[in-house]
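Once you know that position 18 of the sequence shown is 17 in numbering that gives the first Met the number 0, the rest is easy, because the numbers rise by one and skip nothing. Backbone N, C-alpha and C fix where the C-beta goes; we use that ideal spot for every residue, glycine too. Note that the structure is predicted; figures quoted are calculated from it, not measured.
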Amino acid sequence: MPGVLPSGEPVPTDGALPDSALTAVGARGFGVYAHVPFCASRCGYCDFNTYTPSEGVTSTGYVDQVLAELALAARVVPAPPVSTVFVGGGTP
């Protein structure tokens with residue numbers, strides 16, 4: 000987990016979200032996106048976080064980390080129904 004939010008605020012250690020971020024939860028569908036950053040090669044046009052075999056980064060533990068992130072979201076976001084699941088990345 001990063002130490003600073005994009006706004007510059009520190010990340011709460013419990014993963015809690017401010018009330019303002021929770022006001023719209025449940026009012027619309029909730030989408031989940033899982034990025035798979037492992038690619039056989041890096042495309043010149045790609046701006047996504049990606050890793051290629053030559054960089055020495057492996058997918059070991061990746062699924063466990065995705066599941067941990069989902070568990071964190073389930074603890075801090077009041078049970079909205081998931082309406083969509085997107086999996087992206089790793090396209091070449």
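Quick check: the Cα distance between residue 46 and residue 31, rounded to an integer number of angstroms? 20 Å
Identify the continuous beta strand (DSSP E) that holds residue 15 and give its terminal residues. Residue 15 -> no beta strand (DSSP E), and no H or E assigned at all.
Does DSSP put residue 33 in a helix, a strand or coil? strand
In the structure shown, what three-state DSSP assignment does residue 44 receive? coil
Ends of the beta strand (DSSP E) at residue 75? Note, residue 75: premise wrong, no beta strand (DSSP E); alpha helix (DSSP H) at 61–75.
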